[in-house]
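Trainee:
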Amino acid sequence: MFRILHENVIFNAGIVGTMPRSALILAGGKGKRFGYKEKALIEIEGTPVISRIISTLEPLVDEIIISLRDKHQYDLLAPVMGKLPTAFDEQEGVGPLAGILAGLKAASYEYIFVTACDMPFPDPKIVEFLFSRSKGHDCALIKRKNGSYEPLCAVYRVCLLIPLIEKSIRDNRYFILSPVFEMNDMVEVDIAEIEKMDPFFACLQNINTLDDLRAVRNDFNGS
Numbered sequence: 001m002f003r004i005l006h007e008n009v010i011f012n013a014g015i016v017g018t019m020p021r022s023a024l025i026l027a028g029g030k031g032k033r034f035g036y037k038e039k040a041l042i043e044i045e046g047t048p049v050i051s052r053i054i055s056t057l058e059p060l061v062d063e064i065i066i067s068l069r070d071k072h073q074y075d076l077l078a079p080v081m082g083k084l085p086t087a088f089d090e091q092e093g094v095g096p097l098a099g100i101l102a103g104l105k106a107a108s109y110e111y112i113f114v115t116a117c118d119m120p121f122p123d124p125k126i127v128e129f130l131f132s133r134s135k136g137h138d139c140a141l142i143k144r145k146n147g148s149y150e151p152l153c154a155v156y157r158v159c160l161l162i163p164l165i166e167k168s169i170r171d172n173r174y175f176i177l178s179p180v181f182e183m184n185d186m187v188e189v190d191i192a193e194i195e196k197m198d199p200f201f202a203c204l205q206n207i208n209t210l211d212d213l214r215a216v217r218n219d220f221n222g223s
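Residues 1 to 223 in the UniProt record's numbering are what the sequence shown spells out, letter by letter.
Laid out in structure tokens, this is it:
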């Protein structure tokens with residue numbers, strides 16, 4: 001059972017420690033609900049979603065790692081990834097845990113912000129906030145109003161999560177939060193704290209389907 005810390009913290013965005021940190025963008029999904037299109041290359045206002053995420057995260061972290069499923073996908077995404085480091089899934093059929101594990105193993109620093117290429121609107125204030133809240137703990141995880149947790153807009157301590165994911169995969173437990181719930185010192189971030197910085201929860205918006213994409217594009221077009 002993990003221990004949850006409820007902390008009343010006054011946080012000023014932009015005033016952060018100097019500890020080096022990583023970010024991981026999961027891009028290896030096959031996009032089944034998206035007609036098997038390459039999600040990372042889907043464009044919003046003429047910009048691939050993965051490019052949006054990269055440009056947001058670059059000023060905030062010391063390295064960005066892109067998790068991919070194979071070399072073919074690397075070749076497709078190379079023009080938009082530039083020279084960013086990549087990590088390839090070591091195992092098929094285990095879902096996002098494979099990509100997270102590969103990315104964690106490639107990380108250089110103690111803490112890592114994890115997101116996905118179909119969550120194209122990370123908020124710099126919230127990324128900084130999560131790093132701040134996670135410092136000295138195992139992870140910082142957002143809790144939604146319905147009581148569920150968001151594992152793909154979160155900060156984790158790399159060295160602690162790697163063996164927990166490896167064990168979860170060995171035990172055939174592929175639910176993305178299974179290894180996270182094994183962590184001993186989890187900081188729970190109430191959704192109300194996120195709402196103060198991101199009233200429309202854009203940072204948690206997920207483009208899973210073509211309908212989701214149409215809705216996002218309509219928002220940008222003001223329709």
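Just so it is clear, CB atoms sit at the ideal spot from N, CA and C, and this is done for glycine as well.
Is DSSP giving residue 211 helix, strand or coil here?
Mentor: helix
Trainee: Should residue 48 be labelled buried (16 or more other beta-carbon atoms within 10 Å of its own) or exposed?
Mentor: buried
Trainee: What do you reckon, are the CB atoms on residue 149 and residue 177 nearer than 8 Å?
Mentor: Their beta carbons are under 8 Å apart, which means residue 149 touches residue 177 by this criterion.
Trainee: Can you tell me where the beta strand (DSSP E) holding residue 159 begins and where it ends?
Mentor: From DSSP, residue 159 is part of no beta strand (DSSP E) but of the alpha helix (DSSP H) over 158–170.
Trainee: Could you give the DSSP three-state label for residue 27: helix, strand or coil?
Mentor: coil
Trainee: Nearest to residue 56 by CA position, among 90, 127, 136, is which residue?
Mentor: 127
Trainee: Is residue 129 helix, strand or coil by DSSP?
Mentor: helix
Trainee: Identify every run of the alpha helix (DSSP H) within the UniProt domain "MobA-like NTP transferase" (23–159), keeping only runs that are complete inside it and at least 4 residues long; order them along the chain.
Mentor: 49–57, 71–81, 96–106, 124–134
Trainee: Given a threshold of 16 other Cβ atoms within 10 Å of its Cβ, counted over all protein chains shown, does residue 91 qualify as buried or as exposed?
Mentor: exposed
Trainee: Would you decide whether residue 204 is buried or exposed? Buried here means 16 or more other CB atoms lie within 10 Å of its CB.
Mentor: buried
Trainee: With distances taken between CB atoms, is the gap from residue 183 to residue 153 smaller than 8 Å?
Mentor: 8 Å or more divides the Cβ of residue 183 from the Cβ of residue 153.
Trainee: Closer than 7 Å by C-beta to residue 121: which residues in its own chain qualify, once you throw out the five before and the five after it? Chain order, please.
Mentor: Same-chain partners within the cutoff: 202, 203, 205.
Trainee: Name, in chain order, the residues that DSSP records as bridge partners for residue 216.
Mentor: Residue 216 pairs with nothing; no bridge assigned.
Trainee: Could you check whether the segment 62–82 touches the segment 160–179, counting it as contact only if at least three pairs of C-beta atoms, one from each stretch, sit closer than 8 Å?
Mentor: no
Trainee: To the nearest angstrom, how far is the alpha carbon of residue 214 from that of residue 141?
Mentor: 29 Å
Trainee: To the nearest angstrom, report how far apart residue 179 and residue 187 are at their CA atoms.
Mentor: 15 Å
Trainee: Determine the closest residue to residue 98 out of 197, 88, 21, with distance taken between C-alpha atoms.
Mentor: Cα-wise, what sits closest to residue 98 is 88.
Trainee: Suppose the cutoff is 8 Å on Cβ atoms and the five residues either side in sequence are ignored; what does the same chain contact list for residue 211 look like?
Mentor: Short of 8 Å from the beta carbon of residue 211, and not among the five residues preceding or following it, lies no beta carbon of its own chain.
Trainee: Does DSSP put residue 197 in a helix, a strand or coil?
Mentor: helix
Trainee: Could you pull the start and end residues of the beta strand (DSSP E) that residue 189 belongs to?
Mentor: 185–190
Trainee: Who are the near neighbours of residue 116 in its chain, counting only those whose CB is closer than 6 Å to its CB and skipping five residues on each side?
Mentor: 26, 152
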